[in-house]
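Reading the sequence shown from the start, the letters are residues 7 to 225 in our numbering.
Glycine included, each C-beta is placed from N, C-alpha and C at the ideal position.
These notes are about the structure you will find just below.
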Amino acid sequence: MIRIFYRSLTEDAQGDGTTLYMAGMDYLIKKPGDLEFQFGEFNTKDDHPVTKPQARTICRIDVERPFVTPPKVVTFLKSFDLGGSSTHIKTGISGVDAKGFTMTIESWADTTLYRAIAGWVAYPEDKEHIFSGTANNMDVHAWDHPQAKQEKDVSFEGVSFWKKPSVFMAFNWLDISTARNPRVRAYVDNVDKGGMTWHIDSWADTELWVADISYIAFN
C-alpha cells in the first residue's frame, strides 16, 4: 500500500493539505510457511521526528534469518510526507550481504522530506521461478524531455516459469513537479513466461521528470 501526503510551504510539520482524487495499489501476500522470503520496512520517523526533517536517512537492515549467500533485495516506497514546489524522493539499497543490507531514503533540491516509509523484500539469489528488477523512464528518454507515456519490454533473461507469472510492482523513485497536480501510474501488460512490458504514465498537465519502479515476477 502507498500513502502520499503533500504539504505547502506555509503549513507546519503537523498539517496535511492533501486532496486525494484517485489511487490504486498493488500488494504481495506472504504465506506463513514460506520462510525463504523475508519482508520488512524502514520508517524515517524511527530515526528522527517529523519536526526535524533531513534530506537523507540511512539505516542498516539486519534480516531475521541470515541467508547462505547475499540475497536479492527489492525496495519500494510505501509512504511519504513532503513539502516544497516539487517532489524529489527515492529509496535504494547498498552493501548487501548474507546478514542484511543498507537502506537509504532521500530527497533533494527544494523538497522537504518530513517522513517516509520504504518497504523491502529479500529472497535467496538462486531462488527458482522468480525474476526481479527495476525500470526507469530514463531508459526511454532524458529526464529534461518529459513525456506523458513511456513503455519498454523486459525479458526474464532465462528464468523459467511454468505458467504466466504474477507481477508485483511499486515506485522507488519519483521526481515530479507539484506546481500542478501530480499524476502518475505504473502497470505491466503483455506478461508471459518470457517477459513483459512496463508502462509509466502521467496525464493532463502533470510534468513527470523521473519515475523508477521495482518489480517482482513470480510463480
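Checking 8 Å against the spacing of the C-beta atoms, do residue 113 and residue 95 come in under that value? yes
Under the three-state DSSP convention, the category residue 143 falls into: helix
I'd like the list of long-range same chain contacts for residue 209, defined as Cβ closer than 7 Å, with 5 residues on each side in sequence excluded. 154, 189
Spatial neighbours of residue 9 within its chain, please: C-beta separation below 6 Å, excluding the five flanking residues on both sides. Low local confidence applies: a pLDDT of 44 at residue 9 is under 50, so the model's placement there is unreliable, with the coordinate-based value given in what follows. 85, listed in sequence order.
Judging by CA-CA distance, which residue of 70, 115, 206, 130 is the nearest neighbour of residue 77? 130
In terms of residue numbering, what span does the beta strand (DSSP E) encompassing residue 2 cover? No answer is possible for residue 2: it lies beyond the span of the chain, which begins at 7 and ends at 225.
Quick one: give me the first and last residue of the beta strand (DSSP E) that residue 158 is part of. 155-161
Spatial neighbours of residue 211 within its chain, please: C-beta separation below 7 Å, excluding the five flanking residues on both sides. 186
For residue 50, three-class secondary structure by DSSP: helix
Quick check on this structure: which residue in 132, 26, 62 has the alpha carbon closest to the alpha carbon of residue 165? 132
Use the C-beta contact count for residue 73: other C-beta atoms within 10 angstroms, 16 or more gives buried, fewer gives exposed. buried
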